[in-house]
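So the structure is just underneath, and the comments pick up after that.
Below is the structure:
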């Protein structure tokens with residue numbers, strides 16, 4: 002009905018104005034604009050937003066998906082023993098997310114080029130030696146933004162990848178990859194913002210990282226043999242980095258060279274069991290834009306008082322440690338919105354936690370905590386709190402509900418402390 006009315010309008014417009022259109026250029030321009038306005042929506046392919054995609058069904062069976070190909074936006078064929086991508090894949094014209102993880106794939110069929118709406122492609126844990134992107138037509142892979150190539154026997158990255166407007170590339174675990182070659186096409190992707198170089202057995206971070214001019218997120222996890230002083234010296238030339246992930250690197254300390262990364266907003270140091278938190282906090286104090294800090298799984302038995310000097314933090318994760326008491330100075334974290342204290346050995350919270358007026362989400366499950374201070378009632382922005390089920394009696398649970406009538410309160414079972 003909508004298309005018919007549009008076509009009728011255009012026909013009548015042309016019929017009534019044929020003579021006048023030929024008379025002046027102004028009317029020709031007006032006609033062109035009208036045609037574009039009416040015809041363009043008929044051919045446009047609309048991509049679903051992230052929020053809308055979360056509501057869509059995830060198809061995991063190819064035969065079932067093929068019964069309604071026009072309704073398939075997310076297809077997950079991971080772990081199905083595939084050695085070839087089925088040619089029928091080209092029928093899913095609205096597909097935006099394709100997961101092919103953990104198969105035996107080594108080649109992309111030409112039918113993949115029909116997936117003009119494809120945004121996220123998971124090819125990790127397969128048998129790709131290289132990635133044969135067909136970009137002979139500008140429409141091919143024109144919406145592709147994220148590609149996961151981790152844990153393949155990749156040896157090189159094709160030059161054609163630079164023709165894609167990728168935002169995120171994962172090369173995790175590709176230990177055979179020629180990194181000096183790989184960075185040539187990667188550096189040519191002006192849209193690239195996120196790069197995963199985890200589990201590559203790096204000796205140093207490749208200096209070529211500095212050539213990726215818009216890089217914001219860098220994952221260097223799982224490279225325990227890396228020489229970090231030199232690496233941070235290279236990284237300090239990448240002024241755009243905002244998020245740095247350094248999990249599982251057996252770090253004990255952080256090089257002072259890190260202060261060169263003065264645009265860092267998020268720093269993840271989790272899973273470094275020997276980490277000296279006191280040294281780290283002192284070293285990273287000059288990072289004035291830091292908002293998110295992760296010290297989880299670091300075997301910490303205390304949170305240094307220095308934490309109080311990070312007054313602009315918005316998220317702090319110190320879960321899965323051995324912390325028994327929080328320092329008085331934690332009250333200075335007035336901007337923190339998310340605080341994860343779960344899986345520690347806390348028996349009480351300081352009453353001064355009430356100074357953390359921005360706190361919205363507080364996780365304290367899996368601690369031998371028996372009560373909360375009454376002052377917690379002053380946390381008027383608190384929306385969600387997790388507490389240990391086993392160590393708080395009925396009276397205290399009732400008190401908590403009285404202190405925090407507007408918050409969602411969840412008592413977590415399975416407390417081992």
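Residue numbers (this note's numbering): 2 to 418.
Note that the Cβ used here is the ideal one computed from N, Cα and C, for glycine as well.
Using a Cβ distance threshold of 7 Å, residue 387 and residue 411 count as a contacting pair. Taken through DSSP and simplified to helix, strand or coil, residue 47 comes out as coil.
In terms of Cβ geometry, residue 217 and residue 185 do not form a close pair [threshold 7 Å]. For residue 157, the closest C-alpha among the options 229, 181, 140, 173 is that of 181. Between residue 159 and the set 132, 327, 255, the nearest pair of CA atoms involves 132. Comparing alpha-carbon positions, the option among 221, 169, 191, 183 lying closest to residue 209 turns out to be 183. Cα atoms of residue 91 and residue 232: separation of roughly 43 Å, rounded to the nearest angstrom.
Sorting 367, 123, 336 by C-alpha distance to the C-alpha of residue 358 places 336 at the top. When DSSP states are grouped into helix, strand and coil, residue 182 belongs to the helix group. Cβ-Cβ distances below 6 Å link residue 279 to 305 in the same chain, with the five nearest sequence neighbours on each side left out; the list follows chain order. Counting only the Cα atoms, residue 397 lies some 54 Å from residue 213.
Relative to the Cα of residue 189, the nearest Cα in the group 78, 81, 211 belongs to 211.
Distance between residue 378 and residue 355, taken at the CA atoms: about 8 Å.
Non-local beta-carbon contacts of residue 143 in its own chain, meaning distances under 7 Å to residues more than five positions away in sequence, involve 117 in chain order.
For residue 90, no alpha helix (DSSP H) encloses it, and the DSSP letter there is neither H nor E. In the three-state scheme derived from DSSP, where H, G and I count as helix and E and B as strand, residue 81 is classed as coil. Beta-bridge partners assigned by DSSP to residue 97: none are found. Residue nearest to residue 62 within the set 78, 69, 70 is 78 (criterion: CA-CA distance).
In this structure, 87 is the residue among 112, 238, 87 with its C-alpha nearest to the C-alpha of residue 104. Here residue 271 has 248, 295, 297, 298 as same chain residues with Cβ atoms under 6 Å from its own Cβ, once five neighbours each way along the sequence are excluded.
Only buried fits residue 389, as 16 or more other CB atoms lie within 10 angstroms of its CB.
A Cβ-Cβ contact shorter than 7 Å links residue 172 with residue 150.
Within the model, the alpha-carbon separation for residue 203 versus residue 226 is close to 7 Å. DSSP places residue 147 in the uninterrupted beta strand (DSSP E) bounded by 147-149. Secondary structure note for residue 362: its beta strand (DSSP E) is the uninterrupted segment 362-364. Per the DSSP secondary-structure output, residue 413 pairs in a beta bridge with 389. With contacts defined as CB atoms closer than 7 Å, residue 161 and residue 134 qualify as a contacting pair.
For residue 318, the pairing in a beta bridge is given by DSSP as 295, 341. DSSP, read as helix, strand or coil, puts residue 267 in strand. Residue 321 and residue 349 have their alpha carbons spaced roughly 16 Å apart. Looking from the CA of residue 262, the closest CA among 152, 319, 285, 253 belongs to 285. Around the Cβ of residue 125, a 10 Å sphere holds 16 or more other Cβ atoms; the residue is buried. In the three-state DSSP reduction, residue 76 falls in the strand class (E or B).
A direct Cα-Cα distance of roughly 23 Å separates residue 75 from residue 193. In its chain, beyond the 5 residues on either side, 142, 145 have a beta carbon closer than 6 Å to the beta carbon of residue 165.
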